[in-house]
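Colleague:
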């Protein structure tokens with residue numbers, strides 16, 4: 001590629017531009033007054049058009065693969081050079097953050113723009129994944145499954161809340177499901193993939209370093225629990241023996257919080273309660289609820305789940321309430337590539353920043369990519385410790401630090417001899 | 421009235437008939453597979469037809485007033501004799517009990533039938549109220565308001581879930597709203613009203629006496645509470661400072677249960693929880709919930725509410741969660757008529773039963789009637805301590821005890837000189 005590159009700018013100015021673009025992109029929304037941008041929605045098309053323009057300003061040409069992923073490659077003069085992927089995603093879960101996903105895509109564009117005409121021994125492909133959150137079809141990271149050749153026929157048949165299948169949504173976007181195996185796979189000789197994100201890290205304070213490098217993505221256990229007690233009149237049911245399912249569930253939820261608070265690396269969350277009857281004046285007969293537990297070590301996570309289920313059982317038994325639990329999903333921890341992670345650490349160090357090794361506590365496309373290609377993640381701290389919700393924020397100097405680190409990585413990354 | 425009375429039967433046989441009729445009546449339902457009979461529903465018409473037949477077998481003639489209440493009077497030869505009302509209700513809240521309401525109506529019919537030709541110095545009016553539960557229009561005891569002249573124009577304008585107003589529902593039942601002030605009021609010179617019900621009493625064991633006489637109906641405070649925390653990603657939000665509204669609410673709900681368990685006469689119930697977001701993987705931002713508190717003494721109830729609100733505040737403060745509370749309704753305790761209550765005690769004693777004085781912990785039409793006429797309530801114990809729910813039950817010998825007590829009351833009740 002030999003488009004005219006933009007004039008170089010200071011990293012601080014580029015960082016400010018990245019933040020400004022994140023905010024502008026947040027205006028591309030399916031729901032006015034919030035940022036919601038579902039996979040293949042009209043707002044996602046607007047977002048891709050906007051990003052395509054910024055990619056063009058950076059001297060590249062963007063195109064859409066048949067899963068709706070926006071892609072652009074900065075080619076090096078040697079056609080057979082290996083490819084490094086810089087990626088994040090552009091879909092936004094309902095009423096979610098301005099920065100989640102967008103930041104990584106816009107940082108990648110800014111890095112390429114900053115490189116200007118600098119010659120590198122590698123191609124750089126930017127991938128803005130169309131679907132990581134899974135908010136429309138209920139399965140996260142569909143687009144990284146498509147790119148790594150792991151999308152299955154049943155994925156394409158899944159329907160959204162309006163009964164529209166993934167395949168139909170792809171067609172309605174002007175793309176061709178049958179061409180996914182042709183246009184979506186990673187470029188041959190892709191040797192590494194790097195994502196940059198903003199993410200609060202449990203146990204890491206706001207005053208710590210701007211950056212961190214992910215060593216491993218935490219595993220998650222997700223369970224459903226049902227507390228089955230006795231619906232009974234709130235006035236006439238005797239307190240000690242009323243079999244109130246809500247009282248049992250509440251006692252247990254408080255215990256979950258207390259237990260997790262004692263372990264720095266553990267999160268345990270009861271993330272929703274549904275009570276029956278929903279009308280007043282009754283001790284609750286049934287509570288449906290959930291538990292999700294994350295820990296860097298799979299064995300510790302399993303032990304925590306087992307302990308918390310024993311506690312649920314005990315809270316029920318004490319009140320004559322039956323407790324049933326079912327595992328909804330089990331995701332083991334995913335270690336990221338040691339060699340690439342080390343290179344990211346060194347790049348931060350060269351750029352003058354501390355980037356301690358940490359665990360990431362959220363699910364990411366990186367978990368899917370890591371199975372196909374050496375993958376690493378650079379995290380920016382969250383000054384307000386919010387994630388995936390409106391109101392999160394980031395600091396300009398932190399974005400500058402991330403950009404400097406990415407540039408250092410690009411300038412010093414010599415593709416592994418085995419792969420290049 | 422001089423219809424041919426039925427042949428007298430043993431009280432045990434009559435009690436068995438009452439239970440059988442309750443079960444038969446439970447088959448008149450708006451929803452197959454459960455007992456649900458809303459005010460002026462098709463099933464309530466079927467129920468009135470069935471009950472009207474049983475009233476006819478007892479030698480009386482039933483008619484419907486313009487609020488849908490089924491009424492029948494056993495007249496004494498002296499037209500100007502005072503009237504005693506025996507009442508309960510025939511509407512059934514969704515998926516509720518076979519006996520609640522029905523039992524009192526069918527016991528009144530059985531008592532009149534058992535009296536046969538016995539001459540009494542009073543008229544006996546049976547009233548089967550059409551609406552006590554308030555399940556259709558959201559206001560309890562509308563029909564006793566109609567009978568005591570306290571129904572207001574806005575009551576008639578209230579709409580059900582399908583947008584049908586009370587007035588329209590009355591017309592659709594073939595009745596005339598404009599005639600409510602003419603056909604509904606209590607018969608002039610009504611001097612007393614007695615209801616019989618099955619009801620578990622907090623603090624009274626199942627092995628205690630079959631009967632009890634209500635001295636007072638408990639007051640109720642009903643409140644709404646909102647816990648406003650911070651919706652945040654379940655993996656990345658640090659446990660100690662995540663502002664999880666559900667954790668705060670759960671901690672408090674467990675405290676409510678613990679507090680109420682320490683006071684025999686207090687019930688405190690959190691009777692429903694609504695969490696936002698409803699999707700998984702997030703610490704909960706908002707919890708909407710309720711509190712209802714009952715106690716025989718209004719001051720004790722108010723003190724309990726104040727204490728529990730302080731606890732909610734504290735549970736929130738500890739977690740950075742804001743708590744807002746609003747009173748939805750305040751119902752003071754209603755003492756029943758001392759003289760009539762004493763007469764009910766004596767009637768039980770004469771019939772050979774112990775009927776200790778107790779408090780009733782549920783709302784009743786008796787609360788409305790008590791403001792218009794001396795009112796008393798006889799309660800049967802609940803062998804399974806369930807109320808207003810499917811699966812409650814009663815014992816034949818308890819029904820026999822209630823019938824014997826009612827008959828003794830009728831045979832010995834000399835209307836008060838002031839009233840007769």
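Protein chains in written order, with the numbering used here: chain A, 1 to 420; chain B, 421 to 840. All C-beta atoms, glycine included, are put in the ideal place defined by N, C-alpha and C. Only a predicted model underlies this, so the values are computations on that prediction, with no experimental measurement involved.
#1: Under the rule that 16 or more other beta-carbon atoms within 10 Å means buried, what is residue 139 of chain A, buried or exposed?
#2: Please report the distance separating the alpha-carbon of residue 722 of chain B from that of residue 750 of chain B.
#3: Can you give me the C-alpha to C-alpha distance between residue 100 of chain A and residue 92 of chain A, rounded to a whole angstrom?
#4: Which whole-angstrom value is the C-beta distance of residue 676 of chain B and residue 688 of chain B, which I expect to be below 8 Å?
#5: With a threshold of 9 Å between beta-carbons, can residue 277 of chain A be considered close to chain B, or not?
#6: Can you tell me which of B:753, B:714 and B:709 puts its alpha carbon nearest to the alpha carbon of residue 744 of chain B?
#7: For residue 430 of chain B, does the count of other Cβ atoms within 10 angstroms reach 16, so buried, or fall short, so exposed?
#8: Check whether the region 117–134 of chain A touches the region 78–98 of chain A, counting contact only when three or more Cβ pairs, one atom from each stretch, lie closer than 8 Å.
#9: For residue 65 of chain A, is the classification buried or exposed, using 16 other Cβ atoms within 10 angstroms of its Cβ as the cut-off for buried?
#10: Nearest-angstrom Cα distance between residue 534 of chain B and residue 479 of chain B?
#11: Taking residue 714 of chain B as the query, report the chain A residues whose CB atoms sit under 8 Å from its CB, ordered along the chain.
#12: Residue 681 of chain B: which of A:353, A:241 and A:376 sits nearest, CA to CA?
#13: Once you ignore the five residues that flank residue 347 of chain A on each side, which residues in its own chain have a CB closer than 7 Å to its CB?
#14: Based on the DSSP output, what are the partners of residue 862 of chain B in its beta bridges?
#15: Using a beta-carbon distance below 9 Å, is residue 619 of chain B in contact with chain A?
#16: Would you call the region 62–79 of chain A and the region 43–54 of chain A in contact, with 3 or more CB pairs under 8 Å?
#17: In three-state terms, what does DSSP make of residue 838 of chain B?
#18: For residue 787 of chain B and chain A, any beta-carbon pair shorter than 9 Å?
#19: Counting only C-beta atoms, is residue 260 of chain A closer than 9 Å to chain B at any point?
#20: Using CA coordinates, which residue listed in B:739, B:792 and B:674 is at the minimum distance from residue 658 of chain B?
#21: How many Å lie between residue 125 of chain A and residue 748 of chain B at the Cα?
#22: Within the same chain, show all residues whose beta-carbon is closer than 8 Å to that of residue 706 of chain B, passing over the 5 residues directly before and after it, in chain order.
#23: Assuming residue 377 of chain A is part of the beta strand (DSSP E), what are its boundary residues?
#24: Can you pull the chain A residues whose beta carbon is under 8 Å from the beta carbon of residue 664 of chain B, in chain order?
#25: Quick one: does residue 780 of chain B have its CB under 9 Å from some CB of chain A?
#26: What does residue 703 of chain B touch in chain A if you count any residue whose Cβ is under 8 Å from its own?
#27: Report the rounded CA-to-CA distance for residue 605 of chain B versus residue 684 of chain B, giving the unit in angstroms.
#28: Once the 5 residues before and after residue 773 of chain B are set aside, which same chain residues still bring their CB inside 8 Å of it?
#29: List the residues of chain B that residue 251 of chain A touches, going by C-beta distances under 7 Å, in chain order.
#30: Around the Cβ of residue 762 of chain B, are there at least 16 other Cβ atoms within 10 angstroms (buried) or fewer (exposed)?
#31: In terms of alpha-carbon separation, which member of B:523, B:491 and B:636 lies closest to residue 503 of chain B?
#32: Out of curiosity, what's the CA-to-CA distance linking residue 198 of chain A and residue 19 of chain A?
#33: Taking CB distances under 9 Å as the criterion, tell me whether residue 141 of chain A reaches chain B.
#34: Just mark residue 146 of chain A as buried or exposed, buried being the case when its beta carbon has 16 or more other beta carbons within 10 Å.
#35: Note down, in chain order, each residue of its chain lying with its Cβ closer than 8 Å to the Cβ of residue 164 of chain A, except the 5 sequence neighbours on either side.
#36: Can you list the residues of chain A that residue 660 of chain B reaches, using a CB-CB cut of under 7 Å?
Modeller: This is what the structure gives:
#1: exposed
#2: Rounded to whole angstroms, residue 722 of chain B to residue 750 of chain B spans 10 Å at the Cα level.
#3: 8 Å
#4: 5 Å
#5: yes
#6: B:709
#7: exposed
#8: yes
#9: buried
#10: 11 Å
#11: Result: 234 and 235.
#12: Selected option, being the one with the closest Cα: A:241.
#13: Cβ neighbours of residue 347 of chain A beyond the five flanking positions: 405, 408, 409 and 412.
#14: No answer is possible for residue 862 of chain B: it lies beyond the span of chain B, which begins at 421 and ends at 840.
#15: yes
#16: yes
#17: Low confidence applies to residue 838 of chain B: its pLDDT is 47, below 50, so where it sits in the model is not reliable, and the reading given next is rough at best. Coil.
#18: With its beta carbon at least 9 Å from every one in chain A, residue 787 of chain B lies outside the interface.
#19: yes
#20: B:739
#21: 60 Å
#22: 646, 647, 648, 649, 651, 665, 695 and 696
#23: 375–380
#24: 257 and 269
#25: yes
#26: 269 and 271
#27: 39 Å
#28: 629, 630, 631, 821, 824 and 825
#29: 674
#30: exposed
#31: B:491
#32: Taken atom to atom, the span from the alpha-carbon of residue 198 of chain A to that of residue 19 of chain A is near 12 Å.
#33: no
#34: buried
#35: 172
#36: 261
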